[in-house]
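Peer 1: Sharing a structure with you now.
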Amino acid sequence: MIDESRVAGGALSLGGVAAEEVLAAVRRLRSADRPTHGGRLFAYVYDPAVPGLDDLAAAAHRESAHVNGLDPTAFPSLLAMENALVGAAGRVLGGGPGTAAPDVVGSVTSGGTESLILAVKTARDAHPEITAPRIVVPSTAHAAFAKAAHYLRVALDVVPVPVTTLRPDPAAMAAAIRPETVLVACSAPSYAHGVVDPVAEVAAVAADAGVRCHVDACFGGWTLPYLRRLGEPVPAFDFAVPGVTSISVDLHKYAYAPKGVSVLLHRNAALRAPQYFAYADWPGYTMINPVIASTRSGGPIAAAYATLRHIGDAGYLRLATVTRDAVASLADAVRAVDGLRLMAEPESTVVCFTAAEDGPDLFVLVDELTERGWHTQPQLSYAGLPASVHLTVTAAVAPRVAEFGPDLADAVAAARAAGPVRLPAELAALVGALTPEALTPELVVGLAAGLGLGAGSEPGTGPGPLPERMALVNTLLDAAPPALRERLLVEFVGLLQRPTWGSPG
Ligand SMILES: Cc1ncc(COP(=O)(O)O)c(C=O)c1O
């Protein structure tokens, strides 16, 4: 039941749609989404399956939703909660009083991408004398580094990772450092395969060159320390490592906070200083922003604050235990099926597998798993790495793992029986001949129709509902080089993003 007095401001009704009706519309729209609870979704959503946590986070969010992070002096509650989140993150990542990094400072951002953009901006702006700054990242680094480089006009030097290790060779990282390099980055762990880069070695080569080193622990920063406490062989990756100058960790991932919260930490305030933007040269308020947004809702921060405190240290340890065991069971399930192989032995909370030579078509397998209620994430082949299937494993998966093995075996059998997807000859020829520059919106509409993505769509009207089975689409994208994949998907998403002129739902 809705408390109408809260929604409509007491007796005053403005004549809009009734609260219950609007919420019903939201629920109707939400019913088309992938299930965010239930432990069968292996990407996008991090669910600890802790009873009451959603309600607590929503209540905390509501308390602070209208608070503005623009001015910490006007809203000290937000400052206090942000400082608490930064302190908690710093502590989890090897900083704080009594550690090798007692002066760690940080900021709360809206997500991993913002944290990485700011890490790159901070490193760039620390060197105004470098006119053409560059950053060095392994090819497995998150795409947000490429976005940061693009937004900030910083050159991106990508160091390929060996297919055998899926992590960068420190010597190759060292060789990529140039006089204009302002930042070297690595992942703990990488998103795609869940492997931890050799942070100590990479940080050492960066320090030798006098360059900052950022550890992207957006994904694993809240689980690796707990896995280590459980006795897992987690290599050093945090502020205990000399040469690590900044670390990012997303609270909306494995700290299980609702979306919109990440923390960017620096080893000390001097390293953080270039992160700030200040502007007093206009007639309005002096703008001092530590992060990209200026006005910021207090809602996600309060929700994260409540989540961290409610789960607590012992709670996170327990959730890491459950998750580790789920990862082990899922990896066993993959090993038990002929025709599949793990891309890497799990080191964190990712299970990533590919097909053996004589294995099933992976994209068909993904569809078969979807049909059985398992939502996995296909990853396209890239630079010598085969296509793979990614599972982000969260605590909510644990009660379901026993069901996964039989369903996986069944799905593999069905994928084998169905056989591999064959691109129709005209589509294969088109992808072979297409260049990103030659791609027009009209061509994409035609292509989308050919793939069953809303046959008959006119330019500007967008595609219809997505097909149940995506193997054909994935096969087509897999056949395209990265630049063409980007163009195809930009055009396609552009088709999806069009205004609805009536009321939704
Ligand atoms: C390692 C890593 N870095 C950065 C990001 C980007 O985070 P966000 O999606 O919150 O912007 C992700 C997201 O999965 C990630 O796994």
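Positions in the sequence shown are counted from 1; adding 5 to them yields our numbering.
From the three backbone atoms N, C-alpha and C, an ideal C-beta is built for every residue, glycine too.
Fully enclosed by the segment 279-322, which beta strand (DSSP E) runs are 3 residues long or longer?
Peer 2: Fully enclosed beta strand (DSSP E) runs of 3 or longer: 282-284 and 292-294.
Peer 1: May I ask whether a heavy atom of ligand 1 can be found less than 7 Å away from the beta carbon of Asp221?
Peer 2: For the purposes of this step, residue 221 is taken as the residue at position 216 of the sequence shown. Because some heavy atom of ligand 1 lies under 7 Å away, the Cβ of Asp221 counts as near it: yes.
Peer 1: Tell me whether Phe368 sits in a helix, a strand or coil according to DSSP, three-state version.
Peer 2: Taking the sequence shown and counting its residues from 1, one reaches residue 368 at position 363. In the structure shown, Phe368 sits in a helix (DSSP, three-state: H, G or I).
Peer 1: Report the CB separation of Arg329 from Glu408 in whole angstroms; it is logged as a contact under 8 Å.
Peer 2: Indexing the sequence shown from 1 puts residue 329 at position 324. Indexing the sequence shown from 1 puts residue 408 at position 403. The pair is not a contact, with the Cβ atoms about 19 Å apart (cut-off 8 Å).
Peer 1: Please classify Leu500 as buried or exposed, where buried requires at least 16 other C-beta atoms within 10 Å of its C-beta.
Peer 2: Counting from 1 along the sequence shown, the entry for residue 500 is found at position 495. It is buried - the Cβ of Leu500 has at least 16 other Cβ atoms within 10 Å.
Peer 1: Between which two residues does the alpha helix (DSSP H) carrying Asp60 extend?
Peer 2: Counting from one through the sequence shown, the residue named residue 60 turns up at place 55. That run of the alpha helix (DSSP H) goes Leu58 to Ser69.
Peer 1: At the level of alpha carbons, what is the spacing between Arg35 and Ala131?
Peer 2: Taking the first residue of the sequence shown as 1, we reach residue 35 at position 30. Taking the first residue of the sequence shown as 1, we reach residue 131 at position 126. Looking at the two C-alpha atoms, the distance is approximately 44 Å.
Peer 1: Using 8 Å for Cβ pairs, my map puts Gly355 next to Gly117. What's the rounded Cβ distance?
Peer 2: If you number the sequence shown from 1, residue 355 lands on position 350. If you number the sequence shown from 1, residue 117 lands on position 112. Looking at the sequence itself, residue 355 is Val, so the reference to Gly does not match. No, Val355 and Gly117 are not in contact; Cβ-Cβ is about 15 Å, not under 8 Å.
Peer 1: Should Gly465 be labelled buried (16 or more other beta-carbon atoms within 10 Å of its own) or exposed?
Peer 2: Locating residue 465 in the sequence shown gives position 460, where the first residue counts as 1. Unreliable positioning characterises Gly465 in this predicted model, as indicated by a pLDDT of 49, which lies under 50. The coordinate reading is nonetheless provided below. The residue is exposed, with fewer than 16 neighbouring Cβ atoms inside 10 Å.
Peer 1: Report, in whole angstroms, the separation of the C-beta atoms of Cys357 and Val296, which I expect to be a contact under 8 Å.
Peer 2: Taking the sequence shown and counting its residues from 1, the one referred to as residue 357 is at position 352. Taking the sequence shown and counting its residues from 1, the one referred to as residue 296 is at position 291. Contact doesn't hold; Cβ gap of about 32 Å is too wide.
Peer 1: Keeping to the same chain, check which residues put their C-beta closer than 7 Å to that of Gly461; ignore five residues upstream and five downstream.
Peer 2: Taking the sequence shown and counting its residues from 1, one reaches residue 461 at position 456. Unreliable placement is indicated for Gly461, whose pLDDT of 44 sits below 50; no coordinate value is reported for it.
Peer 1: In whole angstroms, what separates the C-alpha of Leu269 from that of Gly103?
Peer 2: The count along the sequence shown starts at 1 and reaches residue 269 at position 264. The count along the sequence shown starts at 1 and reaches residue 103 at position 98. Taking the straight line from one Cα to the other gives about 21 Å.
Peer 1: Alpha carbon to alpha carbon, how far is Phe150 from Ala124?
Peer 2: Here the question's residue 150 lines up with position 145 in the sequence shown. Here the question's residue 124 lines up with position 119 in the sequence shown. Cα to Cα, the separation comes out at about 9 Å.
Peer 1: Report the rounded CA-to-CA distance for Ser120 versus Pro107, giving the unit in angstroms.
Peer 2: For the purposes of this step, residue 120 is taken as the residue at position 115 of the sequence shown. For the purposes of this step, residue 107 is taken as the residue at position 102 of the sequence shown. Their Cα atoms are separated by approximately 21 Å.
Peer 1: By the 10 Å Cβ neighbour count, where 16 or more other Cβ atoms means buried, how is Glu25 classified, buried or exposed?
Peer 2: Locating residue 25 in the sequence shown gives position 20, where the first residue counts as 1. Counting Cβ neighbours within 10 Å, Glu25 comes out exposed, since fewer than 16 surround it.
Peer 1: Do Val239 and Val201 come within 8 Å of each other at the CB atom, strictly closer than that value?
Peer 2: One-based indexing of the sequence shown puts residue 201 at position 196. One-based indexing of the sequence shown puts residue 239 at position 234. Result yes, Cβ atoms of Val201 and Val239 sit closer than 8 Å.
Peer 1: Assuming Ile122 is part of the alpha helix (DSSP H), what are its boundary residues?
Peer 2: Working through the sequence shown from its first residue, we reach residue 122 at position 117. Residues Gly117 to Asp130.
Peer 1: Between Ala209 and chain E, is there a C-beta pair that is closer than 8 Å?
Peer 2: This model lacks chain E altogether; it includes just one protein chain.
Peer 1: Just how far apart, CA to CA, sit Arg301 and Val72?
Peer 2: Within the sequence shown, residue 301 is the residue found at index 296, counting from 1. Within the sequence shown, residue 72 is the residue found at index 67, counting from 1. Distance between the alpha carbons of Arg301 and Val72 is about 8 Å.
Peer 1: Along the alpha helix (DSSP H) that carries Pro383, what are the first and last residues, could you check?
Peer 2: Your numbering for residue 383 matches position 378 in the sequence shown. Where Pro383 is concerned, there is no enclosing alpha helix (DSSP H), although the beta strand (DSSP E) it sits in stretches over Gln382 to Gln384.
Peer 1: In three-state DSSP terms, what is Ser334?
Peer 2: If you number the sequence shown from 1, residue 334 lands on position 329. It is helical.
Peer 1: Could you name the residues of the same chain whose beta carbon sits closer than 8 Å to that of Arg490, not counting the 5 residues immediately before and after it, in chain order?
Peer 2: Locating residue 490 in the sequence shown gives position 485, where the first residue counts as 1. Closer than 8 Å at Cβ, skipping near neighbours: Leu385 and Leu482.
Peer 1: Give me the residue from Leu390, Thr228, Cys218 and Ala70 with the minimum Cα distance to Thr399.
Peer 2: As a first step, residue 399 must be located in the sequence shown, where it is residue number 394. Measuring from the Cα of Thr399, the nearest candidate turns out to be Thr228.
Peer 1: Measuring straight from C-alpha to C-alpha, what distance separates Trp506 and Ala30?
Peer 2: Stepping through the sequence shown from its first residue, residue 506 is reached at position 501. Stepping through the sequence shown from its first residue, residue 30 is reached at position 25. Whole-angstrom Cα-Cα distance: 16 Å.
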